[in-house]
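Have a look at the structure below before the remarks.
In our numbering, the protein residues as written are 573 to 818.
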(Lines of atoms letter the chains of each structure in order from A and count residues from 1; the text may use other names and numbers.)
(Lines give C-alpha, C1' and ligand atoms only; values in the text may rest on other atoms or scores of the structure.)
Protein backbone atom coordinates (compact mmCIF):
# COMPACT_ATOMS: atom_id res chain seq x y z
CA UNK A 1 0.00 0.00 0.00
CA UNK A 2 1.40 3.39 -1.03
CA UNK A 3 0.68 6.59 0.87
CA UNK A 4 -0.48 9.89 -0.59
CA UNK A 5 2.11 12.55 -1.29
CA UNK A 6 0.93 14.66 1.66
CA UNK A 7 1.32 11.75 4.07
CA UNK A 8 4.80 10.99 2.69
CA UNK A 9 5.89 14.62 3.16
CA UNK A 10 4.63 14.54 6.75
CA UNK A 11 6.47 11.25 7.36
CA UNK A 12 9.65 12.80 5.93
CA UNK A 13 9.31 15.75 8.33
CA UNK A 14 8.67 13.52 11.37
CA UNK A 15 11.52 11.11 10.63
CA UNK A 16 13.78 14.03 9.73
CA UNK A 17 13.13 15.34 13.23
CA UNK A 18 13.91 11.90 14.71
CA UNK A 19 17.17 11.82 12.74
CA UNK A 20 18.04 15.30 13.99
CA UNK A 21 17.43 14.14 17.56
CA UNK A 22 20.02 11.44 16.90
CA UNK A 23 22.67 14.17 16.72
CA UNK A 24 21.52 15.55 20.06
CA UNK A 25 21.54 12.11 21.66
CA UNK A 26 25.09 11.54 20.44
CA UNK A 27 26.16 14.85 21.92
CA UNK A 28 24.35 14.07 25.17
CA UNK A 29 26.35 10.84 25.55
CA UNK A 30 29.56 12.86 25.47
CA UNK A 31 28.59 15.50 28.01
CA UNK A 32 26.86 13.14 30.45
CA UNK A 33 29.08 10.09 30.56
CA UNK A 34 32.20 8.45 29.17
CA UNK A 35 30.47 6.28 26.56
CA UNK A 36 32.54 3.29 25.32
CA UNK A 37 34.05 4.20 21.96
CA UNK A 38 33.89 0.57 20.84
CA UNK A 39 30.11 0.86 20.96
CA UNK A 40 30.26 3.71 18.45
CA UNK A 41 32.60 1.74 16.19
CA UNK A 42 29.93 -0.96 16.04
CA UNK A 43 27.43 1.68 14.90
CA UNK A 44 29.86 2.81 12.21
CA UNK A 45 30.41 -0.73 10.93
CA UNK A 46 26.70 -1.46 10.73
CA UNK A 47 25.96 1.93 9.21
CA UNK A 48 28.76 1.70 6.63
CA UNK A 49 27.55 -1.60 5.20
CA UNK A 50 23.93 -0.53 5.26
CA UNK A 51 24.57 2.84 3.57
CA UNK A 52 26.64 1.35 0.75
CA UNK A 53 23.92 -1.21 0.10
CA UNK A 54 21.26 1.52 0.11
CA UNK A 55 23.20 3.64 -2.37
CA UNK A 56 23.95 0.86 -4.86
CA UNK A 57 20.81 -1.27 -4.56
CA UNK A 58 18.12 1.39 -4.06
CA UNK A 59 19.02 5.04 -4.53
CA UNK A 60 21.20 4.88 -7.65
CA UNK A 61 18.83 2.53 -9.55
CA UNK A 62 15.88 4.77 -8.63
CA UNK A 63 17.85 7.84 -9.73
CA UNK A 64 18.54 6.23 -13.11
CA UNK A 65 14.85 5.44 -13.47
CA UNK A 66 13.99 9.10 -12.88
CA UNK A 67 16.81 10.78 -14.82
CA UNK A 68 18.39 8.20 -17.12
CA UNK A 69 22.15 8.01 -17.60
CA UNK A 70 22.58 11.63 -16.48
CA UNK A 71 21.90 10.42 -12.93
CA UNK A 72 25.44 9.05 -12.74
CA UNK A 73 26.84 12.54 -13.31
CA UNK A 74 24.88 13.88 -10.34
CA UNK A 75 25.98 10.93 -8.19
CA UNK A 76 29.56 11.91 -8.96
CA UNK A 77 28.82 15.58 -8.25
CA UNK A 78 27.26 14.63 -4.90
CA UNK A 79 30.33 12.60 -3.97
CA UNK A 80 32.82 15.34 -4.79
CA UNK A 81 30.61 18.10 -3.36
CA UNK A 82 31.12 16.61 0.09
CA UNK A 83 34.74 15.74 -0.70
CA UNK A 84 35.50 19.46 -1.05
CA UNK A 85 34.84 20.17 2.63
CA UNK A 86 35.93 17.65 5.30
CA UNK A 87 39.49 16.95 4.01
CA UNK A 88 40.15 20.71 3.92
CA UNK A 89 38.37 21.73 7.08
CA UNK A 90 38.52 18.85 9.53
CA UNK A 91 38.47 15.11 10.09
CA UNK A 92 35.06 13.44 10.20
CA UNK A 93 34.61 10.38 12.42
CA UNK A 94 37.75 10.05 14.51
CA UNK A 95 37.11 8.95 18.08
CA UNK A 96 40.00 8.91 20.44
CA UNK A 97 43.43 10.32 20.86
CA UNK A 98 43.05 12.85 18.02
CA UNK A 99 40.96 15.23 20.08
CA UNK A 100 43.41 16.60 22.65
CA UNK A 101 42.78 20.06 24.02
CA UNK A 102 46.11 21.42 22.89
CA UNK A 103 45.35 20.45 19.29
CA UNK A 104 41.78 21.69 19.04
CA UNK A 105 41.25 25.45 18.93
CA UNK A 106 37.85 27.08 18.70
CA UNK A 107 38.39 27.98 15.06
CA UNK A 108 39.04 24.33 14.27
CA UNK A 109 35.91 23.30 16.14
CA UNK A 110 33.89 25.74 14.00
CA UNK A 111 35.48 24.25 10.87
CA UNK A 112 34.48 20.76 11.95
CA UNK A 113 30.94 21.97 12.59
CA UNK A 114 30.75 23.47 9.11
CA UNK A 115 32.11 20.33 7.45
CA UNK A 116 29.74 18.03 9.33
CA UNK A 117 26.90 20.45 8.61
CA UNK A 118 27.34 19.78 4.90
CA UNK A 119 26.95 16.07 5.57
CA UNK A 120 23.90 16.46 7.75
CA UNK A 121 22.18 18.83 5.31
CA UNK A 122 22.35 16.09 2.70
CA UNK A 123 21.12 13.59 5.27
CA UNK A 124 17.89 15.58 5.25
CA UNK A 125 17.91 15.80 1.44
CA UNK A 126 18.21 12.01 1.25
CA UNK A 127 15.30 11.40 3.65
CA UNK A 128 12.95 13.82 1.90
CA UNK A 129 13.95 12.71 -1.60
CA UNK A 130 13.34 9.09 -0.65
CA UNK A 131 9.85 9.80 0.66
CA UNK A 132 8.97 11.81 -2.44
CA UNK A 133 9.62 8.64 -4.44
CA UNK A 134 7.94 6.15 -2.08
CA UNK A 135 7.33 5.56 1.61
CA UNK A 136 9.41 2.37 1.52
CA UNK A 137 12.47 4.08 0.04
CA UNK A 138 12.08 6.95 2.50
CA UNK A 139 12.08 4.59 5.48
CA UNK A 140 15.14 2.75 4.17
CA UNK A 141 17.03 6.02 3.70
CA UNK A 142 15.96 7.26 7.13
CA UNK A 143 17.42 4.10 8.70
CA UNK A 144 20.67 4.66 6.79
CA UNK A 145 20.90 8.24 8.04
CA UNK A 146 19.97 7.46 11.64
CA UNK A 147 22.69 4.82 12.00
CA UNK A 148 25.42 7.46 11.76
CA UNK A 149 23.62 10.27 13.60
CA UNK A 150 24.89 9.19 17.02
CA UNK A 151 28.55 9.19 15.89
CA UNK A 152 28.07 12.62 14.27
CA UNK A 153 26.72 14.10 17.48
CA UNK A 154 29.40 12.33 19.50
CA UNK A 155 32.12 13.67 17.21
CA UNK A 156 31.15 17.34 17.23
CA UNK A 157 30.47 17.39 20.98
CA UNK A 158 33.83 15.74 21.69
CA UNK A 159 35.66 18.28 19.56
CA UNK A 160 33.88 21.27 21.12
CA UNK A 161 34.73 20.03 24.61
CA UNK A 162 38.30 19.29 23.56
CA UNK A 163 38.65 22.88 22.32
CA UNK A 164 37.99 24.09 25.86
CA UNK A 165 34.37 25.16 25.41
CA UNK A 166 31.44 24.41 27.70
CA UNK A 167 29.14 21.41 27.78
CA UNK A 168 26.27 23.70 26.78
CA UNK A 169 28.11 24.72 23.62
CA UNK A 170 28.84 21.07 22.88
CA UNK A 171 25.12 20.27 23.01
CA UNK A 172 24.31 23.37 20.91
CA UNK A 173 26.80 22.23 18.26
CA UNK A 174 25.16 18.80 18.12
CA UNK A 175 21.79 20.54 17.85
CA UNK A 176 23.08 22.65 14.95
CA UNK A 177 23.83 19.46 13.02
CA UNK A 178 20.27 18.33 13.65
CA UNK A 179 19.03 21.69 12.40
CA UNK A 180 20.98 21.25 9.16
CA UNK A 181 19.24 17.88 8.65
CA UNK A 182 15.82 19.48 9.10
CA UNK A 183 16.78 22.23 6.64
CA UNK A 184 17.65 19.58 4.06
CA UNK A 185 14.27 17.88 4.58
CA UNK A 186 12.39 21.18 4.29
CA UNK A 187 14.11 22.46 1.15
CA UNK A 188 13.84 19.14 -0.66
CA UNK A 189 10.15 18.80 0.22
CA UNK A 190 9.47 22.32 -1.10
CA UNK A 191 11.51 21.80 -4.28
CA UNK A 192 9.92 18.53 -5.35
CA UNK A 193 10.40 19.44 -9.02
CA UNK A 194 14.15 19.09 -8.46
CA UNK A 195 13.85 15.50 -7.20
CA UNK A 196 15.62 14.17 -10.30
CA UNK A 197 18.71 16.04 -9.11
CA UNK A 198 18.30 15.71 -5.34
CA UNK A 199 18.07 11.92 -5.31
CA UNK A 200 21.30 11.16 -7.23
CA UNK A 201 23.12 13.94 -5.32
CA UNK A 202 22.10 12.29 -2.05
CA UNK A 203 23.31 8.95 -3.46
CA UNK A 204 26.75 10.42 -4.07
CA UNK A 205 26.84 11.83 -0.54
CA UNK A 206 25.75 8.46 0.87
CA UNK A 207 28.57 6.67 -0.98
CA UNK A 208 31.07 9.25 0.28
CA UNK A 209 30.02 9.01 3.92
CA UNK A 210 29.98 5.20 3.87
CA UNK A 211 33.09 4.45 1.80
CA UNK A 212 35.33 7.42 2.57
CA UNK A 213 34.38 8.23 6.18
CA UNK A 214 32.76 5.27 7.94
CA UNK A 215 34.51 2.16 6.62
CA UNK A 216 38.09 3.53 6.87
CA UNK A 217 37.38 4.42 10.50
CA UNK A 218 35.99 0.91 11.06
CA UNK A 219 39.16 -0.58 9.55
CA UNK A 220 41.29 1.29 12.09
CA UNK A 221 40.20 -1.36 14.59
CA UNK A 222 40.19 -4.64 12.67
CA UNK A 223 38.34 -7.58 14.15
CA UNK A 224 35.73 -10.14 13.27
CA UNK A 225 32.94 -8.34 15.13
CA UNK A 226 33.17 -5.10 13.16
CA UNK A 227 33.69 -6.97 9.87
CA UNK A 228 30.61 -9.07 10.59
CA UNK A 229 28.58 -5.95 11.38
CA UNK A 230 29.45 -4.45 7.98
CA UNK A 231 27.93 -7.50 6.31
CA UNK A 232 25.03 -7.39 8.77
CA UNK A 233 24.37 -3.85 7.58
CA UNK A 234 24.08 -5.08 3.99
CA UNK A 235 21.86 -7.98 5.06
CA UNK A 236 19.59 -5.64 7.04
CA UNK A 237 18.83 -3.69 3.85
CA UNK A 238 17.85 -6.87 2.01
CA UNK A 239 15.52 -7.71 4.90
CA UNK A 240 13.96 -4.23 4.82
CA UNK A 241 13.46 -4.51 1.05
CA UNK A 242 11.46 -7.65 1.68
CA UNK A 243 9.44 -6.01 4.45
CA UNK A 244 8.63 -2.79 2.54
CA UNK A 245 8.60 -4.29 -0.97
CA UNK A 246 10.98 -1.65 -2.32
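Backbone N, C-alpha and C define an ideal beta-carbon position, used for all residues, glycine too.
In this text the structure is predicted, and so the values were computed from the model without any measurement.
Taking residue 648 as the centre and dropping the five residues before and after it, the same chain places the C-beta of 776 closer than 7 Å to its C-beta, in chain order. Judged by DSSP in its simplified three-state form, residue 738 adopts coil rather than helix or strand. Exclusion of the five residues before and after residue 581 leaves 761 as the residues of its chain whose Cβ lies within less than 6 Å of its Cβ. Collapsing the DSSP output to three states places residue 813 in a helix. Leaving aside the five residues that flank residue 713 on each side, the residues in its chain whose CB is nearer than 6 Å to its CB run, in chain order, 698, 699, 702.
Under the three-state reduction of DSSP, residue 641 is assigned to coil, being neither helix nor strand. In the structure shown, the three-state DSSP call for residue 720 is coil. Around the Cβ of residue 586, a 10 Å sphere holds fewer than 16 other Cβ atoms; the residue is exposed. By the neighbour-count definition (other C-beta atoms within 10 Å, threshold 16), residue 764 is an exposed residue. Restricting attention to 630, 692, 600, the CA atom closest to the CA of residue 753 is found in 692.
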